[in-house]
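Quick note, the sequences are listed as chains A and B, same order. Positions in the first sequence are counted from 1; adding 1189 to them yields this note's numbering. Positions in the second sequence are counted from 1; adding 717 to them yields this note's numbering. Yeah, the Cβ is synthetic: ideal placement off N, Cα and C, and Gly gets one too. Please read these numbers as outputs of a predicted model, since none were measured by experiment. Comments concern the structure below.
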Amino acid sequence: MKIPYPVFLKRSQDAPKWMPFVTSVGAVLLAFIISGIVLAATGANPLKVYSYFFKASFGSWGAFSDVIVKATPLLLIGLGCSLAFKMRLWNIGAEGQFFVGAFLASAVVMVPLVNLETTPRWAIVSLMALLGMIGGSLYGFIPGFLKAKLNINEVIITLMLNYIAVLWNNYWIFGKWSEAGFQMTKTFPHSAWLPRLADYAKEIPAFSGMTAHAGILFGLIAAVIVYLIIYRSKWGYKITLIGDNPKAARYAGINIAANTILIFMVSGALAGLAGMTEVSGVVHRLQERISTSYGFSGVIVAWLAKLNPFAVILVSILFGALLVASREIQPSGISFLIQGITLFLIISSDVLLKYEIKWVRPAQETAQ
Amino acid sequence: MNWIEIFRSGISTGTVLLIAAIGETLTERSGIQNLGVEGMMLVGAMAGFKVAYQSGNVWLGLLAAIAAGGLLSLAHALVTIHFQADQTVSGLSLTFLGTGLALVLGDGLTGMTAPVIPSFTIPLLSQVPYLGPVAFANHNLLVYVGYLLVPLSWYYIHKTRPGLHLRAVGENPAAADTLGVNIYRTRYLYTFIGGCFAGLAGAAISVAIAPGWYSNLTVNGQGWIAVALVIFAHWNPWRVALGGYLFGVLRRFTLDLQGPRLLFGLANPFFFNTNLVFFLQMAPYILTIIALIWGSSAARKKRIGSPAALGVPYQRGERGL
């Protein structure tokens, strides 16, 4: 029989340990090269653009602080996605969960749920974080429930919920919560702000003007927790088993439906927390543009990090840099383009991990 | 409210979903799920508008849109068919890639005007009461093409030999392979065709139904709705048409709700509180979710499933030839 193409893939037993790292790094480099070609085709000088990229994101401590600000939501969302993807649940709804989390966190200030004058700052901020997580997890419950009980494609549901969440927020910021007709709420009082580096500029002058906020600590703690869940807990073993082999998991008596809903809610809670850190740590109000597609970039971050929580930290910093740099670069689609190409190369490179590629020589072919 | 106009323009908007969803139906019938419809539609919309704008010829724009959608889909085909990557992730990255490409290449097109697909009325048929003015009056050419696509694609899938091969590849590729059907080639072909349809659907927006380039708001989620429509329609072109047109009409209806002061004799809340409009804008997305829930329970009752091999890569070598 004739083979339609001259290579064939042989399932490899064990790819060397360094392989995933090499393929990830290779994919990112290749993505930059290909994007450079596209840039050149549109008339820009790719080297200039990239050196500008680097300077704008790692050129100074202040710039790096901006990168951390952008990396914070990516880290939280990337962790949530990693957890869901481990079970092969495609939660593309982080964007919506982010918005609902931001909404509920803002409710603490806007309703207000507590007396903003007398309640201590740590209590207000903790309540906001809690409500952000509740908001995200409730919004994650919907696709989780529909997937578990009716087996409805979670990709479509989560995407539709993204649009709904943005419109829901718009209803509030254009209406009831609007500040003097502008499409945003009033600025939150200081007692509802996550502490920032700049707050300590008096003690440490180097921190002045730095906007990195305590949200990154949430992200780092979450990374450790997610690591412990996935790699060190019985629950994590169950999740991995369901993802790798649902049939075996069912025979082993694991409740797949309950875990589906639960994982969706935890994943949503992390995205909701990201929304909270953005309103409480960065913009200090609820407004229309609080996310530059963090929800989608988080998907790529998770995939690029091969769902490893500690790798998610590094990758989210890299993508944070990309977002910081691309703020001022025209045309605005460049960062989307690089992200799309990176993701494609990553999933293509996975074939190198799973298979050995063998060339089929004509002699071999005729022998068969 | 002008019901004739609501239905007429509903059919027009529904055509976009119809074209994209029929393409995706063909792709999914071969066992490949391409979630990148949104990205391919954006690239199609951009390419169609850009070429029509620069050449002054709308037909060239249409061809460019079809080619652009098809070419982009080949990335998905290569990665999922040869590299056996996860189809969900690949489709998602295709959307990123398409959005990025469309934004970069479409830079500076916003606000320009380009020639559009001509509209015309079909004599005689347009005289039929109710149906005529709704379905055959003053529509652009692509709407009429949409009417033809439905029976043709159904006939192709169910009554022709290549259609039989297509279904076999999607249901049981190993069996189809033993009968001499080339699985890889078939899947490449229908992924490509699906991409061409998505590109055409994008151009149907940018050079026909809502002419212009408004960056990623041009398509604004319709690609995802088209994917949902395929599931809702159980991979059947007739149900795709029903769902697509229904969707278009409901969408137009919710837009028109904002107009009148009185609604069924009562004060219209959407007229007096413009912020409630955001809830009207949610309607298409909520409808999609309801349609998916409805479609899935109907499928369970009738025991209709997705093509059995949908999303499953086929690796011939693994069975030792």
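Subject >> Whole-angstrom distance between Leu1335 of chain A and Tyr1416 of chain A, CA atom to CA atom >> reply: 27 angstroms
**OP:** For Asn751 of chain B, count neighbouring Cβ atoms within 10 angstroms of its own Cβ and tell me buried if that reaches 16, exposed if not.
**Re:** buried
Original post:
Looking at the C-beta of Val944 of chain B, does it have a partner C-beta in chain A at a distance below 9 angstroms?
Top reply: yes
**OP:** Tell me whether Ala1438 of chain A sits in a helix, a strand or coil according to DSSP, three-state version.
**Re:** helix
**OP:** Using a cut-off of 8 angstroms between C-beta atoms, extract the partners of Phe1287 of chain A located in chain B.
**Re:** Within chain B, no residue comes near Phe1287 of chain A; the closest Cβ sits about 17 angstroms away, beyond 8 angstroms.
**OP:** Under 8 angstroms by Cβ, that's how I've got Gly1042 of chain B and Gly817 of chain B pegged, so tell me the actual separation to the nearest angstrom.
**Re:** Beyond the ends of chain B as shown, which are 718 and 1038, falls residue 1042 of chain B; an answer cannot be given.
Original post:
What's the gap between the Cα of Ile1313 of chain A and the Cα of Ser1380 of chain A?
Top reply: 7 angstroms
Original post:
Thr1374 of chain A: which of A:Ile1405, A:Ala1460, A:Trp1311, A:Arg1478 sits nearest, CA to CA?
Top reply: A:Arg1478
Original post:
Quick one, are the C-beta atoms of Leu917 of chain B and Leu859 of chain B less than 9 angstroms apart?
Top reply: yes
**OP:** Have a look at Gly787 of chain B and Gly778 of chain B and give me their C-alpha separation to the nearest angstrom.
**Re:** 14 angstroms
**OP:** Could you name each continuous beta strand (DSSP E) segment of 3 residues or more that falls completely within the segment 1280-1338 of chain A, going from the start of the chain to the end?
**Re:** none
Original post:
What residue range is occupied by the uninterrupted alpha helix (DSSP H) comprising Ile926 of chain B?
Top reply: Element bounds for Ile926 of chain B: n/a, residue is neither H nor E.
Subject >> Inside the segment 768-824 of chain B only - alpha helix (DSSP H) runs reaching at least 4 residues >> reply: 775-794, 804-822
Subject >> Three CB pairs or more closer than 8 angstroms across the segment 922-930 of chain B and the segment 723-738 of chain B >> reply: yes
Original post:
Taking only beta-carbon atoms, is Gly815 of chain B less than 9 angstroms away from chain A?
Top reply: yes
**OP:** Could you name the residues that DSSP lists as bridge partners for Glu1368 of chain A?
**Re:** A:Phe1371
Original post:
For Ser1456 of chain A versus Ala1273 of chain A, is the C-beta distance shorter than 9 angstroms?
Top reply: yes
Original post:
Where do the ends of the alpha helix (DSSP H) carrying Gln1528 of chain A lie?
Top reply: 1523-1543
**OP:** Taking only beta carbons into account, state which residues of the segment 928-952 of chain B come closer than 9 angstroms to chain A, listed in chain order.
**Re:** Ser932, Asn933, Asn937, Gly938, Trp941, Ile942, Val944, Ala945, Ile948
Original post:
Does the distance from the C-beta atom of Gly1215 of chain A to that of Gly1461 of chain A stay below 9 angstroms?
Top reply: no
Subject >> Residue-level contact to chain B via CB, Met1349 of chain A, 9 angstroms cutoff >> reply: yes
Subject >> Distance between Lys876 of chain B and Lys1018 of chain B (C-alpha atoms, nearest Å) >> reply: 26 angstroms
**OP:** Determine whether the Cβ of Leu822 of chain B lies closer than 9 angstroms to any Cβ atom of chain A.
**Re:** yes
Original post:
Is any beta-carbon of chain A found at less than 9 angstroms from that of Tyr962 of chain B?
Top reply: no
Original post:
Shorter than 9 angstroms from the beta carbon of Asp803 of chain B to some beta carbon of chain A?
Top reply: yes
Original post:
Which residues in the same chain as Tyr1360 of chain A place their Cβ atom closer than 7 angstroms to its Cβ, once the five residues preceding and following it in sequence are excluded?
Top reply: none
**OP:** Under 9 angstroms between beta-carbons, which chain B residues line up against Thr1231 of chain A? List them in chain order, please.
**Re:** Val821, Leu822, Asp824
Subject >> Close-in-space but distant-in-sequence residues of the same chain around Leu1170 of chain A (CB under 7 angstroms, 5 per side omitted) >> reply: In this structure chain A extends from 1190 to 1557, so residue 1170 of chain A is not present and cannot be described.
Original post:
Which chain B residues are close to Ser1326 of chain A, counting only those with a beta carbon under 7 angstroms from its beta carbon?
Top reply: Result: empty, since nearest Cβ-Cβ is about 19 angstroms, beyond 7 angstroms.
Subject >> Euclidean distance between Cα positions of Ile1535 of chain A and Leu1386 of chain A >> reply: 35 angstroms
**OP:** Give a yes or no on whether the minimum CB-CB distance between Thr812 of chain B and chain A is below 9 angstroms.
**Re:** yes
Original post:
On the three-state DSSP scale, how would you describe Phe1453 of chain A?
Top reply: helix
**OP:** Compare the C-beta of Ser1524 of chain A against all C-beta atoms of chain B and say whether one is closer than 9 angstroms.
**Re:** yes
**OP:** Compare the C-beta of Ala781 of chain B with all C-beta atoms of chain A and state if any pair is closer than 9 angstroms.
**Re:** no
**OP:** Compare the C-beta of Phe996 of chain B with all C-beta atoms of chain A and state if any pair is closer than 9 angstroms.
**Re:** yes
Subject >> Beta-carbon proximity check, Leu1350 of chain A vs Tyr1328 of chain A, cutoff 9 angstroms >> reply: yes
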